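A short worksheet on the structure shown next.
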């Protein structure tokens, strides 16, 4: 009966008597970016669309991970740079991981990273064989990883309409013309919440003034690529504004409430699903801690090891100080041979994170603060201990902490006693679990799950011939019109004109009065003499001379 109800629901909400579309998904980064685009591609394939994903190989964010797609699902096309460049890129990236663990998250490193991506973008656009083969496919629509600016240039070169899928929160470092009142919407990387005091708002305004400068520096990395490949190169803000739809990998169970526009949709949690049974090896380990539960530890797809040994020693000792089992995503082959893992720790090169978090004995997630990990924790109602390292992770964990989902520790302040006590507090204080459960109810009680929600809006774009009816006029307005600066300037000039005329009038009146005061006594005497000598004016009678006889 439940299966019949599901079929009826799909028939009512999604008409299946339709022509399938040919969709290109673009994934030029690995790690969680690939995992998301893989899920998006598979979701549209299940819906009956013909899907092909372009994947760039040789990416360092998941070393040794096989980008093979899924059997009996979408088609996959791969592209790669030279082996020598891949080694150089991976070596630079691994060196940056050490800086992240030491708290050195510098904007200059991010610009250098974007420089690498721009170089790779130039190589992709120069590959005429690849570009010609993609053009021959005659795709109806492209779905882009919107974190990667090259995907916009690639879709523009192919002449495709596109949907921008951003893998992070609404406050990402992009110019998408979302309304962002600085009084309560934190600017990207400000590490503020929506509950700002006076100085918090001052900081947010300062960040709001600086962030366009940083965005411009990022855009300049790709502007040169566009100039080499297009006669009239579009700017990145222009390409952002031409997206038929913006889909964000976030959800208001975790996001701060803020205004949205019709061309934006939140589809966070596409990697969150009901748990499948975990492998027997893990189940046997979990059963040893069936009375107290276990902790899942992962620092994301970019860090399968901890390169700073003193931090690794503190984490190992900190986990040894708690009674819970610890399942840690850490490549065992790269564990220091002289350091003995704590007896309650199980190391795995890769782990089924969603299934472990959905296990009844899961107590806590120790995470770097990646958006997908936090959304999975929310979905399964598991508290988190955040250790942010770089990028948006600091902002993500601010939201998690403010929402009551967990607590945050800095990697540079990671001490074994602090780690142990914080884990104990998060598990023993039932308020964290209660909050996580409440957020899970909010996340799961929406009318449509994230996957069907994205399909619904993309199919709406396909059926209606585009998303122009959803895009606000602000996307075509110059920045000074969008912020009404021309109107403000006009009103300021009018006000200055009125004040100037008023000041001139007051000055004239004051000058006249001043002249009158200066000439006042002389003017009175002259007037009196003038009156006496006026002809025809009445004269006083002469005094009679009484000395004369009559």
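Numbering (mature numbering (1 follows the signal peptide of the UniProt record, and there is no 0)), first residue to last: -20 to -1, 1 to 530. From the three backbone atoms N, C-alpha and C, an ideal C-beta is built for every residue, glycine too. Everything numeric in this text was worked out from a predicted model, so none of it was measured.
For a cut-off of 8 angstroms, the C-beta gap from residue 114 to residue 145 is around 18 angstroms, too long to register as a contact.
Rounded to whole angstroms, the Cβ separation of residue 127 and residue 13 is 7 angstroms, and the two are in contact under 8 angstroms. When rounded, the separation of the alpha-carbon atoms in residue 35 and residue 195 is 26 angstroms. In this structure, residue 264 keeps its C-beta atom at 8 angstroms or more from the C-beta atom of residue 305. Going by C-alpha positions, residue 393 is about 44 angstroms away from residue 57. In this structure, the alpha-carbon of residue 95 lies about 24 angstroms from that of residue 222.
Going by beta carbons, residue 442 and residue 121 fall inside the 8 angstroms limit.
For the 8 angstroms CB-CB criterion, residue 59 and residue 107 form a contact. Scanning its chain for C-beta atoms nearer than 7 angstroms, with the 5 sequence neighbours on each side dropped, one finds no residue around residue 486.
The C-beta distance from residue 363 to residue 344 rounds to 6 angstroms, short enough to fall under 8 angstroms. For residue 95, the uninterrupted alpha helix (DSSP H) segment begins and ends at 87 to 106. According to the DSSP assignment, residue 300 belongs to the alpha helix (DSSP H) that extends over 289 to 300. Contact annotation: the segment 451 to 467 does not touch the segment 270 to 280, with fewer than three C-beta pairs closer than 8 angstroms. Separation of residue 488 and residue 187 (C-alpha to C-alpha, rounded to the nearest whole angstrom) is 48 angstroms. Per DSSP, residue 496 is one residue of the alpha helix (DSSP H) stretching across 465 to 498.
Under the 10 Å beta carbon count, residue 119 is surrounded by 16 or more other beta carbons and is classified as buried. By the CB criterion at 8 angstroms, residue 8 and residue 143 fall outside the cutoff. Selection 162, 254, 137, 492 evaluated against residue 178 yields 162 as nearest (Cα-Cα).
For the set 323, 298, 299, 292, the Cα lying nearest the Cα of residue 311 is the one of 292.
Excluding the 5 residues flanking it on each side, residue 181 has same chain C-beta neighbours closer than 8 angstroms at 162, 163, in chain order. Looking at 491, 438, 201, the one whose alpha-carbon comes closest to that of residue 244 is 438. For the set 358, 236, 138, 193, the Cα lying nearest the Cα of residue 160 is the one of 236. In the structure shown, residue 395 adopts coil according to DSSP, grouped into three states. Only buried fits residue 370, as 16 or more other CB atoms lie within 10 angstroms of its CB.
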